[in-house]
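Visitor: Residue numbers (the numbering used here): 0 to 273. Dropping a structure here in structure tokens format, bear with me for questions.
What follows is the structure, encoded as structure tokens:
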């Protein structure tokens with residue numbers, strides 16, 4: 000992509016990254032505590048009480064209401080695990096978000112995250128469909144380390160999983176899910192008759208499917224992995240502030256991500272489903 004479209008997408012990328020800092024519930028809690036403390040020092044007791052009280056309410060909510068569990072379950076249930084697959088597929092595409100490129104460069108050893116199941120599934124599907132085109136798409140989602148591309152660092156771990164990295168197309172320019180779909184489509188130019196398996200984490204699959212459908216990828220078959228829930232949610236309070244804030248954080252990020260992609264026309268549906 001180039002010209003005005005590229006600049007618009009770049010603005011979208013930067014706004015999404017910067018906004019995450021301000022809506023992160025952990026940061027919001029810190030802002031409230033900092034502002035409340037400052038107001039106490041300025042003897043603005045009434046305002047300080049309100050901010051401190053709001054911080055306490057947020058913390059209490061985080062440790063008592065399993066927001067993250069409900070959100071994760073809802074999103075992970077949108078597409079079934081181990082979906083039925085046809086006898087033949089034209090290609091398999093796996094989204095990045097697995098490799099810590101900065102740590103990999105610094106340590107000289109491939110650093111993988113908890114989303115490594117994407118690569119395990121990629122390897123397994125490659126063996127099941129030996130004639131399929133193989134694509135790993137992932138550049139850098141960082142604001143400050145755009146020179147460190149995830150796709151440039153993933154080959155060694157694929158080799159350890161038994162794949163021949165020479166058979167894999169590595170797309171290393173994308174910065175988010177939308178660009179995963181667009182850049183990979185432009186690189187592979189799949190025809191309308193082709194069938195492709197899409198591999199990513201289950202909680203991320205609804206947004207990914209919406210984006211790939213809007214990008215007019217042909218015959219996408221969602222293949223979710225990295226499940227974190229059992230499929231139903233008993234009301235079990237986190238009783239841990241870090242865990243609770245993390246759950247709220249994921250809820251906010253996914254909700255805003257789904258809405259932003261839909262409103263901007265980057266996804267065909269607000270909450271995609273089969």
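Where a beta carbon is used, it is the ideal one built from N, C-alpha and C, also for glycine. Being a predicted model, the structure only gives us computed values, none of them experimental.
Report yes or no: do the region 140-148 and the region 113-132 share at least 3 C-beta pairs separated by less than 8 Å?
Guide: At 8 Å Cβ cutoff, the stretches do not touch.
Visitor: Just mark residue 83 as buried or exposed, buried being the case when its beta carbon has 16 or more other beta carbons within 10 Å.
Guide: Your numbering for residue 83 matches position 84 in the chain shown. Residue 83 comes out exposed.
Visitor: From the DSSP output, which residues share a beta bridge with residue 170?
Guide: For this step, residue 170 is matched to residue 171 along the chain shown. Bridge partners of residue 170: 136.
Visitor: Do you know offhand how far residue 112's Cα is from residue 39's?
Guide: Start at 1 with the first residue of the chain shown, and residue 112 comes out as number 113. Start at 1 with the first residue of the chain shown, and residue 39 comes out as number 40. Using only the alpha carbons, I get a separation of about 42 Å.
Visitor: State buried or exposed for residue 68, treating a residue as buried only when at least 16 other CB atoms are found within 10 Å of its CB.
Guide: For the purposes of this step, residue 68 is identified with residue 69 of the chain shown, where counting begins at 1. Looking at its Cβ environment, which holds 16 or more other Cβ atoms inside 10 Å, residue 68 is buried.
Visitor: For residue 70, which residues does DSSP report across the bridge?
Guide: The residue labelled residue 70 in the question sits at position 71 within the chain shown. According to DSSP, residue 70 bridges with nothing at all.
Visitor: In three-state terms, what does DSSP make of residue 96?
Guide: As a first step, residue 96 is located in the chain shown; it is residue number 97 there, counting from the start. Residue 96 falls in the coil class under three-state DSSP.
Visitor: Can you say whether residue 10 is buried or exposed, counting buried as having 16 or more other CB atoms within 10 angstroms of its CB?
Guide: Along the chain shown, one-based indexing puts residue 10 at 11. Exposed, by the Cβ-count rule.
Visitor: When you compare only the Cα positions, how much space is there between residue 229 and residue 47?
Guide: Stepping through the chain shown from its first residue, residue 229 is reached at position 230. Stepping through the chain shown from its first residue, residue 47 is reached at position 48. Approximately 42 Å between the Cα atoms of the pair.
Visitor: Whose C-beta lies closer than 8 Å to the C-beta of residue 319 among residues of the same chain, with five residues either side of it excluded?
Guide: The structure shown does not extend to residue 319, since the chain spans only 0 to 273, so no value can be given for it.
Visitor: Where does residue 143 fall in DSSP's three states?
Guide: Taking the chain shown and counting its residues from 1, one reaches residue 143 at position 144. Three-state result, residue 143: coil.
Visitor: Under 7 Å between the Cβ atoms of residue 213 and residue 267?
Guide: As a first step, residue 213 is located in the chain shown; it is residue number 214 there, counting from the start. As a first step, residue 267 is located in the chain shown; it is residue number 268 there, counting from the start. Going by C-beta atoms, residue 213 is nearer than 7 Å to residue 267.
Visitor: In whole angstroms, what separates the C-alpha of residue 43 from that of residue 51?
Guide: For the purposes of this step, residue 43 is taken as the residue at position 44 of the chain shown. For the purposes of this step, residue 51 is taken as the residue at position 52 of the chain shown. The straight-line gap from Cα to Cα measures roughly 12 Å.
Visitor: Hey, out of 16, 63, 36 and 37, whose CA is closest to residue 247's CA?
Guide: The residue given as residue 247 occupies position 248 in the chain shown. Nearest option by C-alpha distance: 63.
Visitor: Mark residue 18 as exposed unless 16 or more other C-beta atoms lie within 10 angstroms of its C-beta, in which case mark it buried.
Guide: Counting from one through the chain shown, the residue named residue 18 turns up at place 19. So residue 18 counts as exposed.
Visitor: Evaluate the contact criterion for the region 186-200 versus the region 216-224: three or more CB pairs, one atom per stretch, below 8 Å.
Guide: Touching, yes, given that three or more Cβ pairs across the two stretches are closer than 8 Å.
Visitor: So what does DSSP say about residue 186, is it helix, strand or coil?
Guide: In the chain shown, residue 186 corresponds to position 187, counting from 1. Three-state result, residue 186: helix.
Visitor: Following the continuous alpha helix (DSSP H) through residue 205, name the residue where it begins and the one where it ends.
Guide: Sequence index remark: in the chain shown, residue 205 carries index 206 (1-based). 204-213 is the extent of the alpha helix (DSSP H) around residue 205.
Visitor: With 16 other CB atoms within 10 Å as the buried threshold, where does residue 7 fall?
Guide: Here residue 7 is taken as the residue at index 8 of the chain shown, counted from 1. Looking at its Cβ environment, which holds fewer than 16 other Cβ atoms inside 10 Å, residue 7 is exposed.
Visitor: So which of 41, 85 and 59 has the shortest CA-CA distance to residue 222?
Guide: Reading the chain shown from its first residue, position 223 is the one you call residue 222. The shortest C-alpha separation from residue 222 is found at 85.
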